[in-house]
DNA sequence: GTCTATAATCGGATAGAC
DNA sequence: GTCTATCCGATTATAGAC
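Residue numbers (my numbering), protein chains in the order written: chain A, 239 to 426; chain B, 239 to 426.
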């Protein structure tokens, strides 16, 4: 019974991983349950043993994707500047595996129902809190918020442009601005 | 024949207006042709006399929405700072009529096909060009790009948060940062 | 828990009358 | 050009065997 439970959990994680990948790449509506289950190595019928609906999966997948993205940042850099650089890198922009759902779904979420928006809001607060922990004490909450806008906005924008030269320029400029932000720049 | 043509054009514009409103509010997939035509005061059957497909309408509606949003900005402010303030205002955030598609669809577009992305890219270049015309000669292209990230990213993010206090704080901080941007802040 | 088969629905697109 | 009626494909969700 013990490994049956862990096996189910493992399967669930595999589904979540596939869903996180597909939803961040294609959004909610363009992804089918078929597609997710196939990517997880199963068929559609098995889906409802793990999740009660597609929306249910979506909500769980966003959280899962955010955790993966945070781990990816943590692996590579220990201070705020490298976290910013890592997030706003060409690597992240073109990443085939881990992508931050905060950027990939920033406008999608505005069209979704309130439950999804609440999850997104919670994740965003976690995002800024995480940045703040990496920063030194001289960094204000307000600075962190602006850095978040530059990170999420810069990446989201870059992902939607076909002009890849321009996209990478936007990443670079957003990175520099976020890293150089001073408390002074935010005043009225 | 003359006013028959203008009547058709007028109807087309009414459809486009309804579509611009619905698509920026709900995204592509959650909007039905039924819904658009009903909002335009017609029925579904009449749709295909004006557009060849839903995607065709979507592409035209994004452009139409961008023009409306630009006009809205132009009406209210003549200089760069008031354009930024207007764009990143609580008014624009909660607007029931005109909304900027660049912010409302920034991550949606990344999931769409290339044609839509190309249109979005073209509109973005128009967006930055417009900002630059409002700015004085001391403003560099790079500054304008960062201002665009703060405007589009700030608004998109604010729209997805259920915590409206936080959303308006993000607007305010993004606005201040965009207005105070100096060439120095963008350097490596 | 996972499979195959099927029900039920929804929405884009077309046909033909007016 | 606009309407009503209809077709058709796609997809979520369920039923029942293993």
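Glycine included, every Cβ here is placed at the ideal spot set by N, Cα and C.
Subject >> DSSP state of residue 324 of chain A mapped onto helix, strand, coil >> reply: Reading the first chain from its first residue, position 86 is the one you call residue 324 of chain A. Residue 324 of chain A: helix per DSSP, three-state reduction.
Original post:
Taking the continuous alpha helix (DSSP H) assigned at residue 294 of chain A, which residues delimit it?
Top reply: In the first chain, counting from the first residue as 1, residue 294 of chain A sits at position 56. Element bounds for residue 294 of chain A: 292-314.
Original post:
Where does residue 267 of chain B sit, in a helix, a strand or coil, going by DSSP?
Top reply: Within the second chain, the letter at position 29 stands for residue 267 of chain B. Residue 267 of chain B falls in the coil class under three-state DSSP.
Original post:
Where does residue 279 of chain A sit, in a helix, a strand or coil, going by DSSP?
Top reply: As a position in the first chain, residue 279 of chain A is number 41, starting the count at 1. Coil at residue 279 of chain A, not helix or strand.
**OP:** Over the uninterrupted alpha helix (DSSP H) stretch that includes residue 412 of chain B, give me the two end residues.
**Re:** Counted from its first residue, the second chain places residue 412 of chain B at position 174. 402-418 is the extent of the alpha helix (DSSP H) around residue 412 of chain B.
Original post:
Are the beta-carbon atoms belonging to residue 347 of chain A and residue 354 of chain A less than 7 Å from one another?
Top reply: Residue 347 of chain A sits at position 109 when you count from the first residue of the first chain. Residue 354 of chain A sits at position 116 when you count from the first residue of the first chain. In this structure, residue 354 of chain A lies closer than 7 Å to residue 347 of chain A by Cβ.
Original post:
Can a CB atom of chain A be found closer than 7 Å to the CB of residue 390 of chain B?
Top reply: Walking along the second chain from the start, residue 390 of chain B turns up at place 152. Answer yes: the Cβ-Cβ gap between residue 390 of chain B and chain A drops below 7 Å somewhere.
Subject >> Three-state secondary structure (DSSP) of residue 343 of chain A >> reply: One-based indexing of the first chain puts residue 343 of chain A at position 105. Reduced to three states, the DSSP call for residue 343 of chain A is coil.
Subject >> Outcome for residue 330 of chain B when other beta-carbon atoms lying within 10 angstroms are tallied against a minimum of 16 >> reply: Numbered from 1 along the second chain, position 92 holds the residue referred to as residue 330 of chain B. Residue 330 of chain B comes out buried.
Original post:
List, in order along the chain, the chain B residues whose C-beta lies closer than 7 Å to that of residue 372 of chain A?
Top reply: Walking along the first chain from the start, residue 372 of chain A turns up at place 134. The contacting residues do not exist; residue 372 of chain A stays about 19 Å from chain B at best.
Original post:
Between the C-alpha atoms of residue 263 of chain B and residue 277 of chain A, what's the straight-line distance to the nearest angstrom?
Top reply: The count along the second chain starts at 1 and reaches residue 263 of chain B at position 25. The count along the first chain starts at 1 and reaches residue 277 of chain A at position 39. For residue 263 of chain B and residue 277 of chain A, the distance between alpha carbons rounds to 32 Å.
Subject >> Where residue 358 of chain A meets chain B, residues with beta-carbon distance less than 9 Å >> reply: Along the first chain, read from residue 1 onward, the residue named residue 358 of chain A stands at position 120. Near residue 358 of chain A (Cβ distances below 9 Å), the residues of chain B are 398, 399 and 400.
**OP:** Please classify residue 290 of chain B: is it buried, with 16 or more other beta-carbons within 10 angstroms of its beta-carbon, or exposed?
**Re:** Within the second chain, residue 290 of chain B is the residue found at index 52, counting from 1. With fewer than 16 other Cβ atoms within 10 Å, it is exposed.
Original post:
Grouping DSSP H, G and I as helix and E and B as strand, with all else coil, what is residue 288 of chain A?
Top reply: The residue you call residue 288 of chain A lines up with position 50 of the first chain. The answer is coil: DSSP assigns residue 288 of chain A none of H, G, I, E or B.
Original post:
What residue range is occupied by the uninterrupted alpha helix (DSSP H) comprising residue 354 of chain A?
Top reply: To locate residue 354 of chain A, count along the first chain from 1; it is residue 116. That run of the alpha helix (DSSP H) goes 352-372.
**OP:** At 7 Å on the CB atoms, spell out the chain A contacts of residue 362 of chain B, in chain order.
**Re:** Taking the first residue of the second chain as 1, we reach residue 362 of chain B at position 124. Neighbours of residue 362 of chain B on chain A, chain order: 399.
**OP:** Can you say whether residue 332 of chain B is buried or exposed, counting buried as having 16 or more other CB atoms within 10 angstroms of its CB?
**Re:** Stepping through the second chain from its first residue, residue 332 of chain B is reached at position 94. Only exposed fits residue 332 of chain B, as fewer than 16 other CB atoms lie within 10 angstroms of its CB.
Subject >> Cα-Cα separation between residue 306 of chain B and residue 338 of chain B, rounded to whole angstroms >> reply: Position 68 of the second chain holds residue 306 of chain B. Position 100 of the second chain holds residue 338 of chain B. Cα to Cα, residue 306 of chain B sits roughly 8 Å from residue 338 of chain B.
Original post:
For chain A, is any of its Cβ atoms less than 7 Å away from the one on residue 348 of chain B?
Top reply: On the second chain, residue 348 of chain B is found 110 positions in, with the first residue counted as 1. Using a CB distance cut-off of 7 Å, residue 348 of chain B counts as an interface residue toward chain A.
Subject >> residue 259 of chain A classed as buried or exposed, judged by whether at least 16 other C-beta atoms fall within 10 angstroms >> reply: By one-based count along the first chain, residue 259 of chain A stands at place 21. Buried.
Original post:
Does the beta carbon of residue 315 of chain A come closer than 7 Å to any beta carbon on chain B?
Top reply: For this step, residue 315 of chain A is matched to residue 77 along the first chain. For residue 315 of chain A, the answer is no, since every Cβ of chain B falls outside 7 Å of its Cβ.
Original post:
Under a Cβ-count criterion, where at least 16 other Cβ atoms within 10 Å of its own Cβ denotes burial, should residue 282 of chain B be classed as buried or exposed?
Top reply: Start at 1 with the first residue of the second chain, and residue 282 of chain B comes out as number 44. Result: exposed.
**OP:** Excluding the 5 residues preceding and the 5 following residue 412 of chain A in the sequence, name in chain order all residues of the same chain whose CB lies nearer than 6 Å to its CB.
**Re:** By one-based count along the first chain, residue 412 of chain A stands at place 174. So the list reads 326, 388 and 392, once near-sequence residues are dropped.
Subject >> Collapsed DSSP secondary structure at residue 333 of chain B in the structure displayed >> reply: Indexing the second chain from 1 puts residue 333 of chain B at position 95. DSSP places residue 333 of chain B outside both helix and strand once states are collapsed to three, so it counts as coil.
Original post:
In three-state DSSP terms, what is residue 318 of chain A?
Top reply: Counted from its first residue, the first chain places residue 318 of chain A at position 80. In the structure shown, residue 318 of chain A sits in a helix (DSSP, three-state: H, G or I).
**OP:** Have a look at B/265, B/253, B/295 and B/266 and flag the residue whose alpha-carbon is nearest the alpha-carbon of residue 275 of chain B.
**Re:** Taking the first residue of the second chain as position 1, residue 275 of chain B is located at position 37. Out of B/265, B/253, B/295 and B/266, B/253 has the C-alpha closest to the C-alpha of residue 275 of chain B.
Original post:
residue 351 of chain A: beta carbon under 6 Å from a heavy atom of the ligand ZN?
Top reply: Although the ligand ZN was asked about, the structure shown includes no ligands whatsoever.
Original post:
CA-CA distance, residue 190 of chain A and residue 414 of chain A?
Top reply: The structure shown does not extend to residue 190 of chain A, since chain A is modelled only from 239 to 426, so the question has no answer here.
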